[in-house]
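**Q** As you go down the protein sequences, you meet chains B and W in turn.
Residues in the first sequence are numbered from 669 upward in steps of one, following the numbering used here.
Residues in the second sequence are numbered from 669 upward in steps of one, following the numbering used here.
Please see the structure below; I have some questions.
Protein chains: 2
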Amino acid sequence: MIHSDGFRALDRQECLRLLAKMPVGRVVYTRQALPAVLPVNFSLDTDSAVVLCTSAASDLVRAIDGVVVAFEADDFQAERRAGWSVVVTGRAAVVTDPAEHERLLRTGPRSWMPMHDGVFIRIEAEMVTGRELTGVPG
Amino acid sequence: MIHSDGFRALDRQECLRLLAKMPVGRVVYTRQALPAVLPVNFSLDTDSAVVLCTSAASDLVRAIDGVVVAFEADDFQAERRAGWSVVVTGRAAVVTDPAEHERLLRTGPRSWMPMHDGVFIRIEAEMVTGRELTGVPG
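Set out below in structure tokens:
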């Protein structure tokens, strides 16, 4: 569907395919009653959950473990005035099962930041929405 | 200051200088009690407020006019495993003063989406934080 304002809604499969291409996305959550956002490395798990790796002692873990968050990734090209964005909304939870943790050590995301006490956080892909801006004349 | 986890905190001036380079950032807010995020074109006003242009009838206007939101922009390079992100947190408000609206029509941001009923929204730069990931060996 192309909207009159120049963007096209993406279906869930398109969204997940685009998400899988990006190394960095942004966790959107609430911290001390204020809206907060943090770029992080991520990967998609086999059930399409977003998986992050962060320090066990981080503010992020305290803020999002067990609560619903949004996760966004996008890719825009200024010269074409075009691009896409995808948002996953769902419950975030630290992976506590040792077998799951081991599996994600092999298959999960690698953080660009050195990490001594890394934990994995899964964000369930309960709601996946996206849109593509197809480029409009200046 | 360089943190042990590989990033450096940016001061307010560095943050604003980096922000000014980017054509797209992300508004972070709450919609129907859920965290929400939307990429938008923006510019910085002379007092460092973030200025967006959106449709007067948009969900975004209804959700953020008069409330505190976050605004994020970043730039990461996968090959260097490096980049920066900046977050502005402050009150958002639709520009209702006709003279201010006229001024922003000349100097404000241009949306990549065609806009028939555009209004400007200012986000006051009450809190500006940023960090730079300086690149670490793989």
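We put the beta carbon where it would ideally sit given N, CA and C, even for glycine.
Keep in mind the model is a prediction, meaning the values are calculated, not measured.
Just the C-alpha distance for W/Arg748 and W/Ala767, rounded to the nearest angstrom, thanks.
**A** Residue 748 of chain W sits at position 80 when you count from the first residue of the second sequence. Residue 767 of chain W sits at position 99 when you count from the first residue of the second sequence. Taking the straight line joining both Cα atoms gives about 45 angstroms.
**Q** Quick one: does W/Val754 have its CB under 8 angstroms from some CB of chain B?
**A** Mapped onto the second sequence, residue 754 of chain W falls at position 86. No - not a single Cβ of chain B is within 8 angstroms of the one on W/Val754.
**Q** Which runs of the beta strand (DSSP E), 3 residues or longer, sit entirely within the region 672–701 of chain B?
**A** 675–678 and 692–699
**Q** Is the separation between the beta-carbon of W/Gly693 and that of W/Val708 shorter than 8 angstroms?
**A** Translated into positions along the second sequence, residue 693 of chain W becomes position 25. Translated into positions along the second sequence, residue 708 of chain W becomes position 40. Yes, these two residues count as a Cβ contact at 8 angstroms.
**Q** Indicate whether at least one CB of chain W lies closer than 8 angstroms to the CB of B/Leu686.
**A** In the first sequence, residue 686 of chain B corresponds to position 18, counting from 1. No, no contact with chain W.
**Q** Can you check DSSP and say which residues form a bridge with B/Pro777?
**A** If you number the first sequence from 1, residue 777 of chain B lands on position 109. Paired residue(s): none; B/Pro777 is not in a bridge.
**Q** When the Cα atoms are used, what is the spatial distance from B/Trp780 to W/Glu682?
**A** Taking the first sequence and counting its residues from 1, the one referred to as residue 780 of chain B is at position 112. Taking the second sequence and counting its residues from 1, the one referred to as residue 682 of chain W is at position 14. About 22 angstroms.
**Q** How is W/Asp733 classed by DSSP in three states: helix, strand or coil?
**A** Along the second sequence, one-based indexing puts residue 733 of chain W at 65. If DSSP states are grouped into helix, strand and coil, W/Asp733 belongs with coil.
**Q** Between the Cα of W/Val729 and the Cα atoms of W/Gly803, W/Glu800 and W/Ile791, which residue gives the shortest distance?
**A** Within the second sequence, the letter at position 61 stands for residue 729 of chain W. Nearest option by C-alpha distance: W/Ile791.
**Q** What number of angstroms, rounded off, separates the C-alpha of B/Pro771 from the C-alpha of B/Val762?
**A** The residue labelled residue 771 of chain B in the question sits at position 103 within the first sequence. The residue labelled residue 762 of chain B in the question sits at position 94 within the first sequence. Note on residue identity: the sequence assigns Arg, not Pro, to residue 771 of chain B. Near 14 angstroms, if we compare the C-alpha coordinates of B/Val762 and B/Arg771.
**Q** Please work out which residues of its chain come closer than 8 angstroms, Cβ to Cβ, to B/Leu686, disregarding the five sequence neighbours upstream and downstream, and give them in chain order.
**A** For this step, residue 686 of chain B is matched to residue 18 along the first sequence. Cβ neighbours of B/Leu686 beyond the five flanking positions: Leu678, Ala741, Asp743, Trp752, Val754 and Gly798.
**Q** Out of W/Gln745, W/Ala760 and W/Leu684, which has the shortest C-alpha to C-alpha gap to W/Cys721?
**A** On the second sequence, position 53 is the one that residue 721 of chain W refers to. Sorting W/Gln745, W/Ala760 and W/Leu684 by C-alpha distance to the C-alpha of W/Cys721 places W/Ala760 at the top.
**Q** Kindly indicate if chain B contains any beta-carbon less than 8 angstroms away from that of W/Gly776.
**A** Here residue 776 of chain W corresponds to residue number 108 of the second sequence, with the count starting at 1. Chain B contact via Cβ: absent.
**Q** With C-beta atoms as the reference, is W/Pro691 less than 8 angstroms away from B/Ala746?
**A** The residue you call residue 691 of chain W lines up with position 23 of the second sequence. The residue you call residue 746 of chain B lines up with position 78 of the first sequence. Yes; because the gap between Cβ atoms is below 8 angstroms, this pair is in contact.
**Q** Mind pulling the beta strand (DSSP E) runs of 3 or more residues that sit fully within the region 712–769 of chain B?
**A** Runs of the beta strand (DSSP E) spanning 3 or more residues and lying entirely within the region 712–769 of chain B occur at 718–723, 736–745 and 750–762, in chain order.
**Q** What do you get for W/Val735, buried or exposed, if any count of 16 or more other CB atoms within 10 angstroms of its CB means buried?
**A** Working through the second sequence from its first residue, we reach residue 735 of chain W at position 67. Flag for W/Val735 reads exposed.
**Q** Using a cut-off of 9 angstroms between C-beta atoms, extract the partners of B/Thr757 located in chain W.
**A** Here residue 757 of chain B refers to the residue found at position 89 of the first sequence. Correct list: Leu702, Pro703 and Ala704.
**Q** To the nearest angstrom, how far is the alpha carbon of B/Arg676 from that of W/Thr698?
**A** One-based indexing of the first sequence puts residue 676 of chain B at position 8. One-based indexing of the second sequence puts residue 698 of chain W at position 30. So the two alpha carbons sit approximately 23 angstroms from each other.
**Q** For W/Asp733, which residues of its own chain have a beta-carbon under 8 angstroms away from its beta-carbon, when the five flanking residues on both sides are left out?
**A** Counted from its first residue, the second sequence places residue 733 of chain W at position 65. Within the same chain, W/Asp733 has close Cβ partners Ala760, Ala761, Val762 and Ile789.
**Q** Please report the distance separating the alpha-carbon of W/Arg778 from that of B/Leu801.
**A** Position 110 of the second sequence, counted from the first residue, corresponds to residue 778 of chain W. Position 133 of the first sequence, counted from the first residue, corresponds to residue 801 of chain B. About 15 angstroms.
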